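With our numbering, the residue at position 372 of the sequence shown is 372, and numbering never jumps. Before any comments, here is the structure.
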Amino acid sequence: RKVIGEQVRKAMDGDINPFTKQPHSSQYKKILEARKKLPVFTQMDEFLKIFSENQIIILVGETGSGKTTQIPQFVAYSDLPHTKGKLVACTQPRRVAAMSVAKRVADEMDACSTESTPTVQLGRHVGYSIRFEDMTEPGTTFLSYMTDGTLLREATNDPSLERYSTIILDEAHERTLATDILMGLLKGVAKRRLDLKIIVMSATLDAAKFQKHFSLRSGVLATVFNVQGRTHPVEIFYTQEPEPDYLEAAIRTVLMIHRAEAEGDVLLFLTGEEEIEDACRKIKVDADDLIKQDSESVGPLVCIPLYSSLPPQQQQRIFDAPPATRSTGGPPGRKVVVSTNIAETSLTIDGIVYVVDPGFSKQKIYNPIIRVESQFVSAISKASARQRAGRAGRTKPGKCYRLFTEKDFISELEEQTHPEILKSNLSNTVLEMAKLGIKDLVRFGYVDAPPPETLMRALELLNYLSALDDDGNLTALGATMAEFPLDPQLSKLLIVSSEFKCSNEMLTITAMMSVPNVWLRPNNQRQQADAAKALLTVPDGDHLTLLNVYNQYMQNIHDKNWTWTHYLSHRALQQADNVRAQLQRTMERFDIDLVSLSDEKKLYTNIRQALVVGLHPSCGLDTQPEWVLFNEFVLTTRPYIRTVSEVRPEWLLEYAGNYFDLSTFIDGETKRALQLVINKRAGKFSKRIDSGKDNRKARK
Ligand code: ADP
Ligand code: MG
């Protein structure tokens, strides 16, 4: 058995790449030396032994110990999936991590050779697969990093996941919705497919839950493999008083570190793109000021943002070396990474010595009573705060500045972050489960069961959309809906849009809603940007505006400056075009007509009517038009809705009567207003009957 480790080691140290049969470059050998220093690498033999003896392994190891980058490679070397026509999958909760790690692993396996054509290629041998972007090559790819959602979607068409020899669920401690469902699903698959190996990787020590979940026979727990981490002590500082403005406090703290502390990079945790870009700008301005005042004692500083919608090349910048000091013995140059939760456990940045933690993250919350899922900034858990602090101790002893009081840490923060399954809208998941053939939603092998009212709401919505029949069985429409990588409301919208003679347009709108924000609003050109936006705006609503933007973009596709002069993101629009093509292929596969009306006015009305069928407005939002329909509800410092179109209340009753069944509504403004509309219609209706009677009378 020991031979396995020896063989793998020999193959790695050898001159020929066993996957491509080409010679290893010198760059490969250089990276291999660095890899050998990772804690996971020193336990390779032990891991491979356990891997050969067990079908399921729970692997626990500190962030940065090499789990994500090394374990899938060890598995590939021992499994040799390409010789069996199979591949190894490693799931990630985040798109950024899937892309970034796949690139890194391709490089480690010899993709970055500068000497000749690379031996291993990203997208060929090692690939990644995320929603709307499949960078793998069937038959050639032997290792694929993918989002957990992508693997779950794949399972709906192949419930035994036959393509894979080993499935690695990474970042299981994050307890994302898709990972949780996969854990339930894989437990069943493991019993059917004895050749399938499963590894569940987690950065926290509470593996007991996973171990119990994956005990296939009662009383026999799944095997746990512990990676011996190497971490340095981290000193924790708290504020004396609560900080009224955490962003301001965070920027102040970063600059304090830069001025006063020894060499070492800084990691600041914030909650989202806008906040991060804002902070980077302010830190840069303040740092430049400091340097101007005193270039003798203040070193150069670069500030690097990290969030999910950042283009991949920019994401790579977090791995750049910090700026060099201006003179030998002078103040150190420093790299400041300002990141969302991505840097908490998903991506390890070496060289971080200082962590600044305001204690917040953007979290999902679902309220089944008003049927609204929203994202809002809320306090993190103690477990999260500990993970964040740990990022400071990777290379040497570090410091973590918590921008809250110790008292609040002890008494206010929850022990653990709640699993997503407890706080998400489950309509998409329930549709996927129906497609997977899972009949009993209540008794499915969840790690943690979702709240019954959330399941009820999901079933109710899917029934209302006619994706499930009254007995909860998947309908033909539901099966088609599940083929689109979209929320059920959006896939339904696409499918019905052909009846409303606007499917070409709805394809565009759906694609535009599936990509990052297309509008650019540079800080120093806000007015110009707003003016440019006004020119493209369609008064009837944001959905039609999105359509207009895309159409204009396509008309001006050969004008290289067009997006720039209109303050639009070229990248997002290109992505929308790509997404549109993919969705169109799915439409064609199911023979859904691609049609448009030539009368623009009628077309625009039809689009908004079709939107009522697919989407639904929430209750009691105080906005300018009386009735609107929106795509996203976001709660930050104040609540706001995104992608909004005005609709008429009578449409709600006409096209979405099942949903707007007033007998199920709680008393309130919405119910009263809709009741008025019903009364008015009834009034008109009875008048018509009356006049009918009159006619009959007259005829008599
Ligand atoms: P874990 O999954 O246990 O948290 P990883 O496998 O993600 O650990 O990280 C192992 C090492 O690989 C870390 O030192 C990390 O900085 C390094 N690493 C990961 N991606 C890159 C990259 N793109 N460039 C350079 N180093 C990287
Ligand atoms: Mg990892």
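Backbone N, C-alpha and C define an ideal beta-carbon position, used for all residues, glycine too. Since the structure is predicted, the reported quantities are computational estimates derived from the model, not experimental observations.
Over what stretch of residues does the beta strand (DSSP E) that includes residue 135 continue unbroken? 133-135
From the beta carbon of residue 542, is the nearest beta carbon of chain D less than 7 Å away? This model lacks chain D altogether, as it is built from one protein chain only.
Rounded C-alpha distance that separates residue 76 from residue 308: 28 Å
Euclidean distance between Cα positions of residue 742 and residue 164: Outside the shown range of the chain, which is 1 to 700, sits residue 742, and nothing can be said about it.
Given a threshold of 16 other Cβ atoms within 10 Å of its Cβ, counted over all protein chains shown, does residue 19 qualify as buried or as exposed? buried
Given this structure, state the Cα-to-Cα distance separating residue 192 from residue 450, to the nearest angstrom. Taking the straight line joining both Cα atoms gives about 26 Å.
Cutoff 6 Å; reference residue 37; Cβ partners in own chain excluding five residues on either side: Closer than 6 Å at Cβ, skipping near neighbours: no residue.
Taking 6 Å as the cut-off, does the CB of residue 68 come closer than this to any heavy atom belonging to the ligand MG? yes
Starting from the Cα of residue 647, find the closest Cα among 656, 662, 629 and 664 and give me that residue. 629
To the nearest whole angstrom, what separates the beta carbons of residue 607 and residue 498, a pair I think is in contact under 8 Å? Residue 607 to residue 498, Cβ: 12 Å. No contact.
Could you check how far apart the C-beta atoms of residue 122 and residue 102 are, in whole angstroms? I think they sit under 8 Å. 6 Å
Would you give the residue range spanned by the alpha helix (DSSP H) that residue 379 belongs to? Element bounds for residue 379: not the alpha helix (DSSP H) but the beta strand (DSSP E), 372-379.
Would the C-beta of residue 51 count as close to the ligand ADP, meaning under 6 Å from any of its heavy atoms? False, no ligand heavy atom lies under 6 Å from that Cβ.
N- and C-terminal bounds of the alpha helix (DSSP H) containing residue 577: 570-589
Suppose contacts are defined by Cβ-Cβ distances below 7 Å. Is residue 659 in contact with residue 464 by that definition? Taking 7 Å as the cut-off, the Cβ atoms of residue 659 and residue 464 count as close.
Return the first residue and the last residue of the alpha helix (DSSP H) that residue 276 is part of. 273-293
Could you tell me the alpha carbon to alpha carbon distance between residue 92 and residue 682, rounded to whole angstroms? 54 Å
Just verifying my parser: in three-state terms, what is the DSSP assignment at residue 627? coil
State yes or no: is the C-beta of residue 520 within less than 7 Å of the C-beta of residue 569? A contact, by the Cβ cut-off of 7 Å.
For residue 128, which of helix, strand or coil comes out of DSSP? Collapsing the DSSP output to three states places residue 128 in a strand.
So within the region 185-232, which uninterrupted alpha helix (DSSP H) runs reach at least 4 residues, ignoring any that extend past its ends? 208-213
Classify residue 403 as helix, strand or coil using the three-state DSSP reduction. coil
Does DSSP put residue 251 in a helix, in a strand, or in coil? helix
Rounded straight-line distance, which links the Cα of residue 201 to that of residue 168: 7 Å
At a cut-off of 6 Å, would you count residue 348 as near the ligand ADP, judging by its Cβ distance to the nearest heavy atom? yes
Verify whether the separation of the beta carbon atoms of residue 290 and residue 279 is less than 7 Å. no
So, helix, strand or coil for residue 89, using DSSP? strand
Between the alpha carbons of residue 97 and residue 251, how many angstroms are there, rounded? 26 Å
Can you give me the C-alpha to C-alpha distance between residue 664 and residue 471, rounded to a whole angstrom? 20 Å
Given 6 Å as the limit, tell me if residue 231 has its C-beta closer than that to any heavy atom belonging to the ligand ADP. no
So the beta strand (DSSP E) residue 335 belongs to, where does it begin and stop? 334-339
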